[in-house]
Amino acid sequence: MSEEKLTPRNVDFSEWYNQIVMRAEMADYAPVRGCMIVRPYGWALWENIQQALDRRFKDTGHVNAAFPLLIPMSFLEKEKEHVQGFSPELAVVTIGGGEKLEEPLVIRPTSETIIGYMYSKWIKSYRDLPVLINQWGNVVRWELRTRLFLRTLEFYWQEGHTAHATEQEAREETQRMLDVYADFAINEGAVPVIKGVKSQAEKFAGANLSASIEAMMQDTRALQAGTSHFLAQNFAKAFNIQYLDVNNSLQYAWTTSWGLSTRFIGAIIMTHGDDQGLILPPRLAPFQVVIIPIFKTESEAASVKEAVQRVQAALKAAGIRVKVDDRSEVTPGFKFNDWEMRGVPLRVEIGPKDIEKGTVAVARRDKPGKEGKSFLPQAGLPVAVADLLVDIQKSMLERATAFRDSHIFDPKDYAELTEVVQHGWAYSYWCESPECEKKVKEDTKATTRCMPLGGDEGPGKCIVCGQDAQHKVYFAKAY
RNA sequence: CGGGGUGUAGCGCAGCUGGUAGCGCACCGCGUUUGGGACGCGGGGGUCGGCGGUUCGAAUCCGCCCACCCCGACCA
């Protein structure tokens, strides 16, 4: 058989990633360059991501709504930085119903403008604030180089847009949602992330401050896994979002926006996967357990099937997402490999020997071979499985965190910085000048990722120019 | 947009000193199999990226176009 084995990560990480995405049936290439089809298994993962995030959004007082896909071109042009940032990657509709449009419509690359326009109509008084709206949707950005999930012309995400009476409230919201993303990434995705502030060069077009969560992939490149922006009054002024305060004086509102996209699926793949395929965190996995029946004879088949159904029902009743692979056309060995490719956290095998002994064989996806294999009594299995899933979730986070921490370096000088960013991240003092940032990028292709705030570091000297520096920043090659 | 490469069955490829298309995998049928990627037999499937030229005859030679991939300048 051809293509049984994945290209190993240490041979060609990109190729490994592409093969996983295709062979785990997460996504496929669309007929249009740079566009992707999210297949049912990939979308099921996305739905679990959505649920985990949406719950957190609701818990922090947000509500969902839907804004249109098409935005008048003139809206984009109202915020100077915004249009400069996005104009190179806009898709524009110029014909509708066979007629040339009077004003071109852009397919939203993000929705600050049209939402700002609506907010200006809805917000009249301080009593209307804050407005805390999120939308789940898709956006289009005409990227040149694309990768499935990581960068495609169209992608799915959520974008939160909030308006507040005061600067402080808006800053707090920016931080709150960054914290929500970090909590989600760490506790649901088992993806360790670093929270911090983006440099001026890396920030969102139109924001005063952008913050992000940054994750390290297994090739040590950084992936921006979510962003939260403090937009100050930039969009409020561009779209006239004004309210009367308690003193009856007219004020501009303060707005924020924050987003997390299907790119996070790429983060999960590249954080956890191994040379057998995906490894999904139990809390997000579409199937947490796959049951594989094993039998030879007819009579074995009958008793195995009975046990499989019983175990399935018991696990399901305990709230565990379980799949039975009862395909007759492939062998158990094939199924083992198949579900390992798809990253199901736990495999349960039930065969004649288990019927005899009242057990099942259990194999952990995160621990290949004998190490992860055990035999458990059928009685009380749901509790044991639930415990195992918790343990898998925990050890996945621990492993990813250990990997990341062992690839973050504190270079002594610039020469060492240029070396360490080839196989890790550098955490160094930076004077925050664009020139120093640019020099690192030109010399090494590494960019500043983020500056963690409230760190324990005191003032120091810029790793590049030696001038005084207040903060440390992560330098890394990024996706 | 600059450099490099590839287009032949769903996927991966061979055929390229011109003679009307083949292999592996996948797929369909039947049978035997099933605790780590099963096997046998039978079968279906192709405007050879497109257009034009050379020729009795083009997947093959020539020209133009198109698409996609990889590497560089921008990005969730």
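Going by numbering that gives the first Met the number 0, the first sequence opens with residue 0, and the numbers climb by one from there.
We put the CB at the ideal spot given by N, CA and C, even for glycine.
* Pull up the DSSP beta-bridge partners for Q466, would you. => The partner list for Q466 (beta bridge, DSSP) is empty, contrary to what the question assumes.
* **Reduced DSSP secondary structure (H/G/I, E/B, other) of G60** => Coil.
* To do: Could you have a look at G195 and say whether DSSP puts it in helix, strand or coil?
  => In the three-state DSSP reduction, G195 falls in the strand class (E or B).
* **Rounded Cβ spacing between A77 and F263 (contact assumed at less than 8 Å)** => The residue asked about is misnamed: residue 77 is Lys in this sequence, not Ala. Approximately 30 Å separates the beta-carbon atoms of K77 and F263; this is outside 8 Å, ruling out the contact.
* Asked: Who are the near neighbours of I122 in its chain, counting only those whose CB is closer than 7 Å to its CB and skipping five residues on each side?
  -> L128, V130, A162, I240, Y242, A252, listed in sequence order.
* Between the stretch 281 to 291 and the stretch 337 to 352, do at least 3 Cβ pairs fall closer than 8 Å? -> Between the stretch 281 to 291 and the stretch 337 to 352, the count of C-beta pairs closer than 8 Å reaches three or more; the two stretches touch.
* When you compare only the Cα positions, how much space is there between L143 and E88? -> C-alpha separation (whole angstroms): 9 Å.
* What residue from G258, Y180, M450, N137 has the CA that sits closest to F203's CA? -> When only C-alpha atoms are compared, the closest one is G258.
* Asked: Per DSSP, Y155 forms a beta bridge with which residues?
  -> Answer by DSSP bridge pairing, in chain order: N137.
* Asked: Given 8 Å as the limit, is there contact between the stretch 90 to 97 and the stretch 206 to 220, that is, 3 or more CB pairs closer than that?
  -> Note that the stretch 90 to 97 does not touch the stretch 206 to 220; fewer than 3 beta-carbon pairs, one per stretch, sit closer than 8 Å.
* Would you report the Cα separation of P103 and M72, rounded to the nearest angstrom? -> As the crow flies, the alpha-carbon of P103 is around 6 Å from that of M72.
* Asked: When DSSP labels each residue in this structure, what does G457 get in the three-state scheme?
  -> Coil, per DSSP.
* To do: Using only alpha-carbon positions, find the residue among L75, N133, Y118 that is nearest to A65.
  => Comparing C-alpha distances from A65 to each of L75, N133, Y118 shows the shortest one belongs to N133.
* How is D274 classed by DSSP in three states: helix, strand or coil? -> When DSSP states are grouped into helix, strand and coil, D274 belongs to the coil group.
* Take L69 as the anchor and find which of I19, C34, F56, P108 has the nearest alpha-carbon. => That would be P108, whose Cα lies nearest to the Cα of L69.
* Asked: By the 10 Å Cβ neighbour count, where 16 or more other Cβ atoms means buried, how is I212 classified, buried or exposed?
  -> Under this definition I212 is a buried residue.
* To do: Kindly give me the distance between the Cβ atoms of A313 and F148, rounded to whole angstroms, as I take these residues to be in contact under 8 Å.
  => Taking 8 Å as the upper bound for CB-CB distance, A313 and F148 are not in contact here, some 35 Å apart.
* Buried or exposed: L249, going by 16 or more other Cβ atoms within 10 Å of its Cβ? -> Under this definition L249 is an exposed residue.
* Local conformation of V288 per DSSP, three classes -> In the structure shown, V288 sits in a strand (DSSP, three-state: E or B).
* Asked: What are the boundary residues of the alpha helix (DSSP H) that G95 is part of?
  -> First-last for G95: 90 to 95, but that is the beta strand (DSSP E), not the alpha helix (DSSP H).
* F374, buried or exposed, once every other Cβ within 10 Å from all chains shown has been counted against 16 -> Around the beta carbon of F374, a 10 Å sphere encloses fewer than 16 other beta carbons of the protein chains shown; the residue is thus reported as exposed.
* With 16 other Cβ atoms within 10 Å as the buried cut-off, status of W15 -> A residue is called buried when at least 16 other Cβ atoms come within 10 angstroms of its Cβ; W15 meets this threshold and is buried.
* Asked: Which runs of the alpha helix (DSSP H) fall wholly inside the stretch 303 to 346 and span at least 4 residues, in chain order?
  -> If only uninterrupted alpha helix (DSSP H) runs of at least 4 residues are considered, those enclosed by the stretch 303 to 346 are 331 to 340.
* Please go through the same chain and pick out, in chain order, the residues whose beta-carbon is closer than 7 Å to the beta-carbon of D218, but skip the five residues on each side of it. => Within its own chain, the residues whose Cβ lies closer than 7 Å to the Cβ of D218, once the five positions on either side in sequence are excluded, are F12, listed in chain order.
* According to DSSP, is T446 helix, strand or coil? -> If DSSP states are grouped into helix, strand and coil, T446 belongs with the strands.
* To do: Between the Cα of E436 and those of Y428, Y426, T447, spot the shortest distance and give me the residue it belongs to.
  => Measuring from the Cα of E436, the nearest candidate turns out to be T447.
* Rank A189, M176, M35 by C-alpha distance to the C-alpha of T400 and give the top, closest one. => Minimum Cα distance to T400 is reached at A189.
* Note down, in chain order, each residue of its chain lying with its Cβ closer than 6 Å to the Cβ of K444, except the 5 sequence neighbours on either side. => Leaving aside the five residues that flank K444 on each side, the residues in its chain whose CB is nearer than 6 Å to its CB run, in chain order, K476.
* To do: Could you tell me whether the Cβ atoms of V321 and Q308 are closer together than 8 Å?
  => At least 8 Å separates the beta-carbon of V321 from that of Q308.
* Asked: From what residue to what residue does the beta strand (DSSP E) around D365 run?
  -> Neither: D365 is in no beta strand (DSSP E) and is coded neither H nor E.
* **Secondary structure of F203, DSSP reduced to three states** => F203: coil per DSSP, three-state reduction.
* Asked: Expressed to the nearest angstrom, what Euclidean distance is found between the alpha-carbon atoms of C449 and A425?
  -> Distance between the alpha carbons of C449 and A425 is about 11 Å.
* **Environment of I462 [buried if 16+ CB atoms lie within 10 Å]** => Burial call: buried.
* Could you give the DSSP three-state label for D27: helix, strand or coil? => Three-state result, D27: strand.
* Asked: Would the beta-carbon of D324 fall within 8 Å of that of P7?
  -> Their beta carbons are not under 8 Å apart, which means D324 does not touch P7 by this criterion.
* Have a look at R140, R55, N233, A221 and flag the residue whose alpha-carbon is nearest the alpha-carbon of Y116. => When only C-alpha atoms are compared, the closest one is N233.
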